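If you're matching positions, the sequence shown starts at 460 in our numbering and goes up one per residue.
For every residue, glycine included, the Cβ atom is placed at its ideal position computed from N, Cα and C.
Treat the numbers as computed from the prediction; the structure is a model and nothing was measured.
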Amino acid sequence: MKRHYYVTFVVGILLSSTPQSTGQQPAQVAQHPSTTKLDIKDAEMSAVFWSRSRDAAYNSSIQISFPSVAEGQRQPSHPETQVWLLKADGTVILPTEKPSTFGIGGVKRVTDSISYAYSHVASAEAVAVVISINGRFFVKPLLADDK
């Protein structure tokens, strides 16, 4: 008999603390960034991704992935990279932090990547990206479909 009261009490507390019962608006769920593979090809890069965030909970980013190596094999030295996100007026959107390098493993391969993080506002302001790989420049417009 005591268990019945306990369960009723717990369920009652849960129901009384829902947003509808307290008059609060339900919490907004953060929208994860959407990611597009950019059509940029070079022997020293395996892929370039543009992740757009429209939510302050996440950053927008440009991620450059390098060719994968067999698991356990030492990663080769990676090329020098630089990235500029451009606004329509030609000014640069500054990154929010220094680029970070990380590895992703799977199917006995490891891929190193470098990521340049930007405020979520960059997804609405950026119209093009310029990427330098060891002094070679690649320019890619960020089309409406990319944003």
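Please identify the residue among the options whose C-alpha is closest to the C-alpha of residue i.
i, options, result
"residue 556", "532, 595, 519 and 507", "519"
"residue 503", "598, 594 and 548", "594"
"residue 532", "575, 597, 568 and 580", "568"
"residue 580", "545, 497, 538 and 530", "545"
"residue 575", "499, 537, 521 and 547", "521"
Roughly how many angstroms separate the alpha carbons of residue i and residue j, rounded to a whole number?
i, j, result
"residue 501", "residue 495", "17 Å"
"residue 510", "residue 585", "12 Å"
"residue 535", "residue 577", "27 Å"
"residue 599", "residue 528", "27 Å"
"residue 517", "residue 525", "24 Å"
"residue 559", "residue 596", "20 Å"
"residue 562", "residue 530", "11 Å"
"residue 564", "residue 570", "6 Å"
"residue 547", "residue 493", "21 Å"
Between which residues of its own chain and residue i is the CB-CB distance below 8 Å, once the five residues before and five after are set aside?
i, result
"residue 606", "Because residue 606 sits at a pLDDT of 46, beneath the cut-off of 50, its placement in the model cannot be relied upon, and the following sentence gives the value as read from the coordinates. Result list for residue 606: 511, 582, 583 and 585, in chain order."
CB-CB under 6 Å to residue i, same chain, minus the five flanking residues each way: which ones, in chain order?
i, result
"residue 523", "504, 507, 540 and 573"
"residue 543", "551 and 589"
"residue 537", "525"
"residue 499", "507, 597 and 599"
"residue 497", "507, 509 and 599"
Less than 7 Å between C-beta atoms, sequence neighbours within five positions excluded: which residues of the same chain meet that for residue i?
i, result
"residue 601", "509, 585, 586, 587 and 588"
Give the list of continuous alpha helix (DSSP H) stretches no shorter than 4 residues that lie fully inside the region 511 to 563.
none
Check whether the region 546 to 555 touches the region 579 to 590, counting contact only when three or more Cβ pairs, one atom from each stretch, lie closer than 8 Å.
yes
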